[in-house]
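Data first, discussion second: the structure below is written as structure tokens.
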Amino acid sequence: MKRGPKSGIFIIAPIAGPVGARIAELQGAHDPRILKLGPPHVTIAGSSGVGPIAANTPVEELEEKLGAIAAGTAPISLRFGRPTKFMQTEIVVLPLDPHGALRTLHERIKLSGLRSAPSRFYFTPHVTLSLYRELPKEALNALLREKFDELVVVDRIEAHLTQDTGESRKLVTLPLLGG
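Just so we're aligned, residue 360 is where the sequence shown starts under our numbering, counting upward by one.
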């Protein structure tokens with residue numbers, strides 16, 4: 360698979376509430392640098408399935424194209440799988456089912472007409488728990504034993520301009536309004 364850039368506009372779905380707070384706590388304990396990327400979230404477009412949207416995309420275009428998608432998408436209920444290491448790396452993630460409403464949202468963004476770079480990975484929705492740090496064996500095993508049984512509802516998407524350096528700036532927030 361062709362590897363694309365890591366900079367550009369990423370579309371994310373923040374994970375809020377008690378589950379989001381617990382994920383942020385685990386991120387802070389195991390890999391504090393990841394907190395610079397913002398609150399816990401699922402990347403819908405930008406790294407897997409569709410590459411980053413062109414950084415020079417006007418905010419008005421994002422609002423127009425993503426706004427139509429968000430208006431027609433109902434809030435999405437999600438359940439996390441058990442933490443796992445991501446694709447033969449030291450990255451630890453909470454996996455999500457790549458099918459259903461989350462896949463539909465991803466595909467609608469992919470087909471929206473927004474210019475994007477080549478995808479770096481196949482669509483593999485997840486929330487990252489540890490990204491930058493190789494964890495000591497005991498910490499890794501403890502993180503892999505975590506359980507998230509609660510249902511999580513994603514009720515908005517955000518567009519973030521993100522740089523290779525890890526810097527990120529929110530451009531747009533859109534509520535999922537479909538019924």
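Using N, Cα and C, we set each Cβ at its ideal position, and we do this for glycine too. Quick caveat, the model's predicted, so the values are computed rather than measured.
Terminal residues of the alpha helix (DSSP H) in which residue i lies
i: histidine 485; result: Run containing histidine 485: none in the alpha helix (DSSP H); it sits in the beta strand (DSSP E), 485 to 489.
i: valine 418; result: 418 to 430
i: threonine 463; result: 460 to 469
i: glycine 316; result: A question about residue 316 goes unanswered here, because the residues of the chain that appear run from 360 up to 538.
i: leucine 499; result: 496 to 504
Euclidean distance between Cα positions of residue i and residue j
i: leucine 470; j: glutamate 420; result: 14 Å
i: leucine 473; j: phenylalanine 482; result: 17 Å
i: aspartate 523; j: serine 366; result: 5 Å
i: serine 527; j: leucine 394; result: 11 Å
Chain-order list of residues whose beta-carbon lies under 7 Å from that of residue i (same chain, five-residue window excluded)
i: alanine 518; result: Ile368, Ile370, Leu421, Leu425, Leu530 and Val531
i: leucine 533; result: Leu425, Gly426, Ala429, Arg515 and Ile516
i: phenylalanine 507; result: Val378, Phe439 and Leu453
Cutoff 8 Å; reference residue i; Cβ partners in own chain excluding five residues on either side
i: phenylalanine 480; result: Met360, Ser406, Ser407, Gly408 and Met446
i: threonine 463; result: Thr432
i: valine 401; result: Ile371, Ala372, Ile374, Leu437, Leu455, Leu461, Pro484, His485, Val486 and Val513
Residues near residue i in its chain [Cβ-Cβ closer than 6 Å; skip 5 each side]
i: valine 512; result: Pro434 and Ser436
Local Cβ density within 10 Å of residue i, reported as buried at 16 or more and exposed below that
i: valine 418; result: exposed
#### Entry: Any 3 or more C-beta pairs closer than 8 Å across the segment 377 to 389 and the segment 502 to 519
Touching, yes, given that three or more Cβ pairs across the two stretches are closer than 8 Å.
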